[in-house]
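Participant: Mind looking over this structure? Questions follow.
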Amino acid sequence: MLSAKPQHSHHRWLRLRTFGDVPTLRSGQGAAVVAGSVYIFGGCDAVMQNDIYRFDVDTHEWCAVTCDDGPSPRAAFGMCSGPGQYDFTVACGCGLGERSAQSDIWSFDVRRRRWRKLFESPRAAYGVSICWHGSTLLLWGGTSGVEYYASLYAFTLHTGSIVRVNTSGCGPSKRYKHVSFVYGNDMYVCGGGTFSPTERSMGMHKLNLTTLVWQRLGDDREGVSIGRTACTCCFDVESSKAWVFGGFDSDAKRLQAFQTFDVVSNAWAEVGGVKAETSPAPRAFHSMVLCRGALFMFLGADGNVCYDDVWRYSIRSTPPPLQHLATRAFLTLPGGECPHGVPGEMRTLIDAVKQSRS
Numbered sequence: 007m008l009s010a011k012p013q014h015s016h017h018r019w020l021r022l023r024t025f026g027d028v029p030t031l032r033s034g035q036g037a038a039v040v041a042g043s044v045y046i047f048g049g050c051d052a053v054m055q056n057d058i059y060r061f062d063v064d065t066h067e068w069c070a071v072t073c074d075d076g077p078s079p080r081a082a083f084g085m086c087s088g089p090g091q092y093d094f095t096v097a098c099g100c101g102l103g104e105r106s107a108q109s110d111i112w113s114f115d116v117r118r119r120r121w122r123k124l125f126e127s128p129r130a131a132y133g134v135s136i137c138w139h140g141s142t143l144l145l146w147g148g149t150s151g152v153e154y155y156a157s158l159y160a161f162t163l164h165t166g167s168i169v170r171v172n173t174s175g176c177g178p179s180k181r182y183k184h185v186s187f188v189y190g191n192d193m194y195v196c197g198g199g200t201f202s203p204t205e206r207s208m209g210m211h212k213l214n215l216t217t218l219v220w221q222r223l224g225d226d227r228e229g230v231s232i233g234r235t236a237c238t239c240c241f242d243v244e245s246s247k248a249w250v251f252g253g254f255d256s257d258a259k260r261l262q263a264f265q266t267f268d269v270v271s272n273a274w275a276e277v278g279g280v281k282a283e284t285s286p287a288p289r290a291f292h293s294m295v296l297c298r299g300a301l302f303m304f305l306g307a308d309g310n311v312c313y314d315d316v317w318r319y320s321i322r323s324t325p326p327p328l329q330h331l332a333t334r335a336f337l338t339l340p341g342g343e344c345p346h347g348v349p350g351e352m353r354t355l356i357d358a359v360k361q362s363r364s
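Here the sequence shown is numbered in the numbering used here, starting from 7 and rising by one per residue.
Here it is in structure tokens:
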């Protein structure tokens with residue numbers, strides 16, 4: 007279903023009608039939510055990219071972000087929000103050539119539109135996962151293109167220290183293109199493989215960040231998802247669930263599978279009421295973020311077929327900002343031109359909403 011309406015239909019996928027500086031067809035890009043907008047970086051559209059786009063989740067407008075030099079063009083890197091409230095972080099990744107794995111770690115300030123190099127990882131890799139735990143960046147797994155890894159590195163922002171963290175317990179096997187997130191004092195890892203999925207079922211692993219002991223969760227429950235690589239995962243604190251979509255299985259088949267993992271009950275479940283014909287096409291190497299109670303999915307590929315679409319799945323209602331409520335109220339009034347007393351930023355927003363509805 008294609009939608010440009012501001013109302014959110016709950017518990018079903020809606021393909022959004024977007025406009026503006028729409029990114030090219032691509033896969034292997036990264037996405038992060040910063041200050042209520044989604045930022046897309048990099049990826050591959052036959053050539054490697056290092057461009058940045060901002061997506062407005064209310065108006066559905068794309069804007070290209072111009073900035074000074076930063077990371078080289080790349081795909082299959084780690085990306086997450088932080089360390090500050092106006093930053094996102096990009097780590098490692100690869101180019102098109104052999105031995106093109108990268109080791110640099112950068113942050114981007116969306117207000118100043120400025121890159122800052124944070125660290126140089128001891129190991130060049132791609133397909134890594136990253137997440138911030140306070141002022142420490144946790145980087146796990148990845149591959150050099152020859153060897154796969156199951157190691158954890160901690161990069162501390164304030165001291166500049168870089169430590170390989172020794173862990174114990176039942177941890178994940180070596181892999182790349184997995185996903186990770188931090189909840190409380192635990193880091194979770196799922197998915198990924200040594201190209202193909204490492205495991206037949208979708209294991210969820212939890213690392214206690216105090217004891218540094220791994221646990222494997224949920225294997226003895228019904229509804230365990232099929233193993234997959236290059237899927238996406240978003241954690242929703244309010245529901246205590248990780249939402250997982252897509253990826254490819256051991257036969258390299260792209261998946262449309264859509265599941266949740268409850269970190270309280272340690273149980274996998276299919277997302278009910280979702281029809282395949284009105285859902286995003288099967289894909290891998292896509293991006294998905296959680297913003298204002300909804301999942302937003304971007305781009306990705308099914309083999310040689312790349313996508314430039316954007317989808318939304320609303321988990322719950324979240325009131326829009328007051329500026330957007332005022333804009334909608336203005337558009338219900340007779341006439342169509344902005345009065346002279348309307349501030350410039352409101353005029354821009356009104357024009358954007360008008361265009362999204364056209």
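All residues carry an ideal CB built from backbone N, CA and C; glycine is no exception.
Taking its Cβ as the centre, do 16 or more other Cβ atoms sit within 10 Å of SER141, making it buried, or is it exposed?
Facilitator: That one is exposed.
Participant: With hydrogens ignored, establish whether the beta-carbon of LEU223 is closer than 7 Å to any heavy atom of the ligand FMN.
Facilitator: As presented, the structure is devoid of all ligands, the ligand FMN included, so that no description of it is given.
Participant: What are the start and end residues of each continuous beta strand (DSSP E) run of 3 or more residues lying completely inside the segment 136-201, in chain order?
Facilitator: Those beta strand (DSSP E) runs which fall completely within the segment 136-201 and span 3+ residues are 142-146, 158-162, 168-171, 185-189 and 192-196.
Participant: For LEU102, count neighbouring Cβ atoms within 10 angstroms of its own Cβ and tell me buried if that reaches 16, exposed if not.
Facilitator: Flag for LEU102 reads exposed.
Participant: Helix, strand or coil, according to DSSP, for THR284 in the structure here?
Facilitator: If DSSP states are grouped into helix, strand and coil, THR284 belongs with the helices.
Participant: So, using beta-carbon positions, are SER150 and ARG170 closer together than 8 Å?
Facilitator: No, these two residues do not count as a Cβ contact at 8 Å.
Participant: Is it true that the segment 216-223 meets the segment 244-262, where meeting means three or more beta-carbon pairs spaced less than 8 Å apart?
Facilitator: Verdict: no, contact absent.
Participant: Going by beta-carbon coordinates alone, are CYS69 and ALA82 separated by less than 8 Å?
Facilitator: No, Cβ-Cβ distance for CYS69 and ALA82 is not below 8 Å.
Participant: Rounded C-beta distance between ILE168 and PRO203? I'm assuming under 8 Å.
Facilitator: Actually they do not touch by this definition, with Cβ atoms about 30 Å apart.
Participant: Taking the alpha carbon of GLY42 as the reference point, which residue from LYS180, ASP27 and ASP93 has its own alpha carbon closest?
Facilitator: GLY42 has its Cα closest to that of ASP93, out of LYS180, ASP27 and ASP93.
Participant: Count the other C-beta atoms from every protein chain shown that fall within 10 angstroms of the C-beta of GLN91, then say buried if there are 16 or more, exposed otherwise.
Facilitator: Per the 10 Å Cβ criterion, exposed.
Participant: Would HIS211 be called buried (16 or more neighbouring beta carbons within 10 Å of its own) or exposed?
Facilitator: Classification for HIS211: buried.
Participant: In this structure, how does DSSP classify PHE254 when only helix, strand and coil are distinguished?
Facilitator: In the structure shown, PHE254 sits in a strand (DSSP, three-state: E or B).
Participant: For ASN214, I'd like the list of residues in its chain whose CB is within less than 7 Å of its CB, leaving aside the five on either flank, ordered along the chain.
Facilitator: Closer than 7 Å at Cβ, skipping near neighbours: ASN191 and ASP192.
Participant: Going by the CB atoms, is the gap between ALA236 and LYS183 shorter than 8 Å?
Facilitator: Against a cut-off of 8 Å, the Cβ pair of ALA236 and LYS183 comes out as a contact.
Participant: If we call anything under 8 Å between Cβ atoms a contact, is LEU301 one with TYR313?
Facilitator: Against a cut-off of 8 Å, the Cβ pair of TYR313 and LEU301 comes out as no contact.
Participant: Pull up the distance between the alpha-carbon of PHE291 and that of CYS137, whole angstroms please.
Facilitator: If you take the alpha carbons of PHE291 and CYS137, they lie about 18 Å apart.
Participant: Run the CB neighbour count on VAL40, radius 10 Å, all protein chains shown included, and call it buried at 16 or more, exposed below.
Facilitator: The residue in question, VAL40, is buried, as its Cβ has 16 or more Cβ neighbours within 10 Å.
Participant: Where does GLN221 fall in DSSP's three states?
Facilitator: Note: GLN221 maps to strand in three-state DSSP.
Participant: Give the secondary structure of PHE83 by DSSP, where H, G and I count as helix, E and B as strand, and everything else as coil.
Facilitator: In this structure, PHE83 counts as coil in the three-state DSSP scheme.
Participant: Could you check which residue in ARG206, LEU22 and GLY166 has the C-alpha nearest to that of SER179?
Facilitator: Residue ARG206 is the option with its Cα nearest to SER179.
Participant: Could you check which residue in TYR319, TRP317, LEU143 and GLY252 has the C-alpha nearest to that of ASP430?
Facilitator: Look at the range of the chain in this structure, 7 to 364, and you will see that residue 430 is not part of it.
Participant: Could you please give me the residues that DSSP links to HIS16 through a beta bridge?
Facilitator: Beta-bridge pairing links HIS16 to SER320.
Participant: On the three-state DSSP scale, how would you describe ASP314?
Facilitator: In this structure, ASP314 counts as coil in the three-state DSSP scheme.
Participant: Taking the alpha-carbon positions, what's the ILE321 to ARG120 distance?
Facilitator: Approximately 33 Å between the Cα atoms of the pair.
Participant: Alpha carbon to alpha carbon, what distance is there between ARG118 and LEU124?
Facilitator: Computed Cα separation, rounded: 16 Å.
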